[in-house]
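Colleague: Below are the structure tokens for one structure; questions will follow.
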Amino acid sequence: MNQPIVEPLLDGQQDRHSRVLEDQNYHRLTEQICGIVERPIPRWWPAAFLTSLAIASSALFAAAYLISTGVGVWGENQPVGWAFDITNFVFWVGIGHAGTLISAILFLLRQKWRTSINRFAEAMTLFAVACAGVYPLIHVGRVWMAWFLAPVPNANAIWPNFRSPLLWDVFAVSTYATVSLLFWYVGMIPDLASLRDRAVTRPRQVIYGILALGWRGSGRHWHHYEIAYLLLAGLATPLVVSVHTIVSFDFATSVIPGWHTTIFPPYFVAGAIFSGFAMVLTLMIPARELFGLKDLVTDRHLDKMAKVLLATSLMVGYAYGVELFTAWYSVNLYERFAFQNRLFGPLAWGYAIMVLCNVAFPQLLWLQRVRGSVWALFVISILVNVGMWFERFVIIVGSLERDYLPSSWGRFIPTWVDLLQMVGVFGLFFTLMLLFLRFLPMVALSEVKAILPRQSHFQVGHVVNEGEQVASRGMEVLES
Amino acid sequence: MNHCPSHEPPKVLALPTAILAGKEYWRSLDELSDKPEFREWLEREFPNQASEWLGGKVSRRHALQLMAASLGLAGLVGCRRPDYPILPYTKTPESVLPGLPTSYATTIPRPGSAFPVLVETQEGRPTKIEGNPLHPWSQGATDLQAQAAVLDLYDPDRSREVMRTGQPSTWQAFDAFAETHMSGLFARRGQGLHFLSEDVSSPALRLLRQHVRQVLPEAVWHVHEAIGSENVEHGAALAFGKPLTPTYRFQNADVIVSLGSDFLGVEDGAVASTRAFAARRKVEDSLAPMNRLYVVENHPTTTGGMADHRLRLPASQVQEYMLALTRELLSRTREDQGSGNPSSQLPNNIAALGTPVVFPPGWVREVATDLIATRGRSLILAGRQQPPLVHALAHLLNAELGNLGNTVLLRERPEERIKSLGELTESMRRGEVGTLVVLGSNPVYDAPSDLEFGVVLERVPHTIQLGLYADETSAVCAWHLPMAHFFECWGDAETADGTYSPVQPLIAPLFGGRSALEIVARLCRYETTEPYEIVQRSFRRRTALGMEAFRQFLHDGVLHDSAWPIVNAAPDWAALSRAVEEGEKRTADVGPNNLELSFHADRRLFDGRFANNGWLQETPDPLTKLTWDNAAILSPATARFSGVTTGDVLELNLDGRSLQAPACVLPGQADYSISLPLGFGRTHAGRVGKGVGCNPYRLRTTALLNMGVGVQLRKTGRTHRLACTQDHGSMQGRDLVRSLTLQEYRDLPAAQASADSHSLPLYTPAALDGQHQWGMVIDLNQCTGCSACVVACQSENNIPIVGKDEVLRGREMHWIRVDRYFTGSADDPGVAHQPVACVHCENAPCETVCPVNAAVHSPEGLNLQVYNRCIGTRYCANNCPYKVRHFNWFDYNQRPLDQLLAGPLAEKGMPELLQMQKNPDVTVRMRGVMEKCTYCVQRIERGKTGARLEAAGSAAYNIPDGTIVPACAQACPAQAIIFGDLSDPNSRVAQAKHRTRNYDLLGELGTRPRTSYQGRVRNPNPRLAATEVAEEADG
């Protein structure tokens, strides 16, 4: 594989030049990104889309079967009341975290390298949250009564139970979904305006015109835009920590050994970022190949993400160790048994997969050679995805299978509906992702332009959107 | 009380307040039909239009009509009302308060015995069965099968039409056939006519049999029961020279030695035995010392689980043990008494017999010592499976120890010349049987296989079978007649001790069936064919009492003090001596190369008659925890030896007969002894029971009726999925069932009680400021694990069955389950049972996590589940440490169990017959909601309403302790469950909570459960325990 030309990493002002490759300029960038949307559909796209759609529709079928027949079509039972549903829910919510982290926290921390991947990661967040949202909704016994979860003032004066972590979940995840959507959409408005301006067909003009919300790129627009974006970034930042913290409360506040653990909030957040970055890598690596974006999403980006992956892997590994230590140190019979069971019980194989994929394999990322190899990164990122799925599975199902009274211990065995639902939701994710890649600018044009080497502005002399100059100035102002 | 004059309809017999308060009032049916003018009025008013009932689908309208009819008319003319089905409530019958149940006393016939019950009816629908508190055999409690009987009544698979050679026919056609056919038989004085009935202990049927003997002297009556009491009878005959019926007074026994007798389980009269036995296990309440139970048996039973000492022996070696014990005991009593004792010849006789079996040290000597020390207060009894000699020796020892008259009562019952099934088969083979009338029995299924009853039956020219179901026997018989369920017809019955009780109809026959009484009366041209008439005549004949007493008899459901007279008898030493000589021809030694096979009654299906009862099929066996199956039970050592694991399908070969059965490895089974529960493997049993399990009758022969050696075991290589509700028998070192010996308990400091709960709740706990604070105590020292509570709860609370596939998935719905744990060694463990239902935590983990407030707390301390608020997140069930919450994974009530996965394509709707069983006070839950024990909140509310009514407006009302009883507590034969108001310091439950052996299950979690447990107290023989410990140390 061709090694893209990477500027050596320099400190200070020089650094900004190295986010993208040297020979980039506004025009080329606009052509490159908008071109993906405007050019005829590549030949692989319809095949990929139809395949994804077919898989996604199997999720629809599985859900329809579930809702029409009863939750019993899944393999859940007494004592395992949650299995694939909540495992996948936590898995998808976790994935989403990388997007928000990249967009919001790295934005606030002035990590400029994020600009090439933030749009993509945000989209991934949003779709992951959508996929996550499928599960809590359909997993309840009476979907048609799910509105009881909403605090609707009613004549019976019955409110939801505000003590229930599940209700906190509802608020946390819906807030998260809302903020993520807004953040993503607001950030995309200037680029949508670019697409509108370049549109040659009437439908495109109308649709992108509506989506661009009348963006003209005026100074006022840019001013408000920057403030709104900053505020949303500020709003989204605590959500990165809070959402998975609250998701972890579902388990941490319960009485079940293996769930009832104070380390869960940081453990879950670290795990979420871990899995999210892995998913960004999994998706980004083929996407940049397919769309020829290697000069925007450079190997240095991958290298940085690999380092984040390594760091979070160590955090997760630390949490695994501390869990075992705490169980031993607690001298609590049930707690000790729960972890003994996790290591040696019927789901020991799941625990082994989890430790191998989440802690052992990512250690390879210490090596520069591995971080530099796209294939190695791709494989490791997939392994981490698998490992993180098993982490949730082992925690949720493994703990429920054997809790306090040995008389009520049981096993969980998934049914074909469980599997179909899971595969189908992956299909949904890829369907949404493919639609995004095809119809929306997958790289934040305006932001990338802002960090292009300044001289190139004038060398080319073609400013697609004059506001972009203001944008780059605005960013300067904000930064200083 | 019913004292109305005969020309008026029956009055309301119980005041509404009293009914409301849950007092156990019930009333009898009365009858007015004698009056010709009344009959005439009926005929005029309601012409014959009952034919719609026969065989059709029961519409809602018909069901209502039927209920009305049964209510209005049940008391008027007798047992069957298909002729006049419509009687709307133009005027509400005075005895009926809509919405309030009425209880009637009746009796469930049992093989050679009966079980007295009260049946709760809701506007004419029998819905729930309770024990009859006035009858000594129930005292208000019930067993599994009695609780489940109401489901049989509404079984949609019951036989609905008269069948002739497999084709639908009518009663008219049968009556016409019978008329002509019987005329011929009458002409031949009944020659060639044979009756085969179950062992029905009914004086009315005896009356008819007497009539048959008079008018058809050549006719022969045979009785067949698959699990009968021949051994008991022959044993008594052997010991005393005459057939006496032993009954036991466990309440008087300090030391009990059971030789394979499951008197707390499947033996007849287990409810009364359990009550009496448990009374002597109440460590605190009882003034008498706690009893001690020794059990010698081959397969784990409920009795064995209660034993203080249990000896595992192959069933065929129990006799050896009995001989050894007899020798030891007699030699020592003889020493004590000196010579001159008539028993002098016997010990020599026995002493000559060498015992090849080596018993664990102390088991003979120490047991004998204990028995001698408690002379007159000890009890030795043998099980139905055991040969007559064991029974006879038990009688001998009881006599020797002076127990006769104290703990053992011998009763003399009227003798009749009744022939056995074997004799019938002989006659059939010889072609002497021209007409065979089978009354309720199913010999094609359950006769010993060497008789080849089904084959021989085909040679009989005329066969008539009366049965509840179109079963295996109906398939061979020319005529099949639908039998009326015992809740649909008049009759009478006696328990095995002779206590007399009535069988009253509670509803008109749903499928137009007739009772055995009516069939016999019609065939043999008795003066009246009205069963009600026959029962009255039988009552007059047996008691020589009048109508007033009859009414009282119906009302009470029992004729007090009507048991057979107690007789004194002395052992017939000479006969016994001869029998011991006979006993020398003992079976070969049981060992790895000579495996034993024993048959026993299934704890749920008994002999197979309950095979189509879904409640019983789904009740986990108390020991194996199997549902929907039987299995060949092996000990771990046998399994290791044969390389078998649970679920392997085995082929058992015995005397050229073979059977394939799945293996179930059960600790506590005697080594090299395989047990097979009977009652499964039905081929014609309706949709529920057909093809469930394997049929051990195929191996059972006249010679090997109960046990045999030399069975060959072969692995087929196939496996069978056994639906077991509990896979883990170990407590994992957890403090779940606490157990102490009597001495340890006595030494326990009082301060140790209730030191468990120490954590503070994070949330403000629910305000527990109700006037009552409900609580429960479950005494593990009383609980035998019989599981009557499980079905009682199912019946009371409309709990659906889910089927084998769902049980395999772990989705059984029982609100109360009985956990079974093994303690001690893996091969020979102790068994502990622990009923677990929702413990109603004051600080309930389920309530905090429910996002929609469907799990909430009542001010009276009930943990409530609001079904119509529940959306089914299942978070509560996950967070319940006791795992007592059950989720409706499918629409179990609305969809056929074999079509659960078909979703919307499956049929929808509950069969109307099953709807009739439902308790109207309890919601039938839909799919997607969570459910669990409510402490029978409907009973609590009914009790409170009644008390408030009684208080007549005054704000303060008082509910006497014991007025409100949940279904589980009411059913419990051992009275192990106490429910009541904790805020009343004098209530039994509040008192019990102060005992030192009271503890909260998982109390350390800070859940503060309202149900607490009382630790088990065992009463081991210290000297035998010492030898057992020493032996274990050696091993």
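Residue numbers (this note's numbering), protein chains in the order written: chain A, 4 to 483; chain B, 51 to 1085. The C-beta atom is built at its ideal place from N, Cα and C for all residues, glycine as well.
(1) Check distances from the C-beta atoms of the region 322-350 of chain A to those of chain B and list, in chain order, the residues that come in under 7 Å.
(2) At 8 Å on the CB atoms, spell out the chain A contacts of B:M21, in chain order.
(3) Which of the three DSSP states is assigned to B:V1067 in this structure?
(4) Chain A beta carbons: is any one of them nearer than 7 Å to that of B:W939?
(5) Whether or not the region 198-210 of chain B and the region 519-533 of chain B are in contact is what I'm after, with contact meaning three or more pairs of Cβ atoms, one per stretch, closer than 8 Å; do they touch?
(6) So the beta strand (DSSP E) B:I179 belongs to, where does it begin and stop?
(7) Using a Cβ-Cβ cut-off of 7 Å, state whether B:T923 counts as contacting chain A.
(8) Tell me, to the nearest whole angstrom, how far the beta carbon of B:E892 is from that of B:A905; I am working on the premise that it is less than 8 Å.
(9) Hey, would you say A:A231 sits closer than 7 Å to A:V189, going by beta carbons?
(10) Cα-Cα, which of A:H263, A:V387, A:G401 is closest to A:S333?
(11) Does the Cβ-Cβ distance between B:R461 and B:T295 come in under 7 Å?
(12) Which residues does DSSP list as the beta-bridge partners of B:Q515?
(13) How would you call B:N23, buried or exposed, if buried means at least 16 neighbouring beta carbons within 10 angstroms?
(14) Determine the closest residue to A:T285 out of A:G84, A:P154, A:M436, with distance taken between C-alpha atoms.
(15) Kindly indicate which residue of B:G426, B:P1035, B:D500, B:P895 has the alpha-carbon position closest to the one of B:R748.
(16) For B:T545, which residues in the same chain have their Cβ closer than 6 Å to its Cβ, ignoring the five residues on either side in sequence?
(17) Reducing DSSP to helix, strand and coil, say where A:G430 ends up.
(18) Beta carbons nearer than 8 Å to chain B: which residues of the region 242-264 of chain A have them?
(19) Do the region 851-868 of chain B and the region 649-669 of chain B meet, that is, are 3 or more Cβ pairs less than 8 Å apart?
(20) Of all the options B:R325, B:R238, B:F313, B:L258, which has the alpha carbon lying nearest to the alpha carbon of B:Q1020?
(21) Going by DSSP, what residues sit across from B:T791 in a beta bridge?
(22) What residues in the region 784-800 of chain B bring their beta carbon closer than 8 Å to a beta carbon of chain A?
(23) If you run the structure through DSSP and keep just helix, strand and coil, what is B:R299?
(24) Against chain B, which members of the region 147-167 of chain A pass a CB distance test of less than 8 Å?
(25) Can you say whether B:V305 is buried or exposed, counting buried as having 16 or more other CB atoms within 10 angstroms of its CB?
(26) Return no unless some Cβ of chain B is closer than 7 Å to the Cβ of A:P82.
(27) Who are the near neighbours of B:H231 in its chain, counting only those whose CB is closer than 8 Å to its CB and skipping five residues on each side?
(28) Residues in its own chain within less than 8 Å of B:D358 by CB, not counting five upstream and five downstream?
(29) Evaluate B:G596 with the Cβ neighbour count: other Cβ atoms within 10 Å of its Cβ, from every protein chain shown; 16 or more gives buried, anything less gives exposed.
(30) Under 8 Å Cβ-Cβ, which residues of chain B neighbour A:S71?
(31) I want to see whether chain B comes within less than 7 Å of A:L423, judged by CB atoms only; does it?
(32) Nearest chain B C-beta to A:G99 closer than 7 Å, yes or no?
(33) Keeping to the same chain, check which residues put their C-beta closer than 6 Å to that of B:T766; ignore five residues upstream and five downstream.
(34) Under 8 Å: do the region 910-919 of chain B and the region 69-81 of chain A share three or more Cβ pairs, one atom per stretch?
(35) Give me the Cβ distance between B:N281 and B:H441, rounded to the nearest whole Å; I'm assuming they're in contact under 8 Å.
(36) Rounded to a whole number of angstroms, what is the C-alpha to C-alpha distance between A:A453 and A:G390?
Modeller: The answer reads as follows:
(1) L336, F340
(2) Because chain B here runs from 51 to 1085, residue 21 of chain B falls outside it and cannot be looked at.
(3) strand
(4) yes
(5) yes
(6) 175-181
(7) yes
(8) So it is not a contact: roughly 13 Å between Cβ atoms.
(9) yes
(10) A:H263
(11) yes
(12) B:V488, B:H530
(13) Residue 23 of chain B is absent from the structure shown; chain B starts at 51 and stops at 1085.
(14) A:M436
(15) B:D500
(16) S163, A164, W187
(17) helix
(18) D253, T256, S257, V258, I259
(19) yes
(20) B:R325
(21) B:R1068
(22) R784, L786
(23) coil
(24) M148, A149, F151, L152, I161, W162, P163, N164, R166, S167
(25) buried
(26) yes
(27) T485, H512
(28) R342, L343, Y344, R1068, N1069, P1070, N1071
(29) exposed
(30) G953, P954
(31) no
(32) no
(33) V699, E701
(34) no
(35) 6 Å
(36) 38 Å
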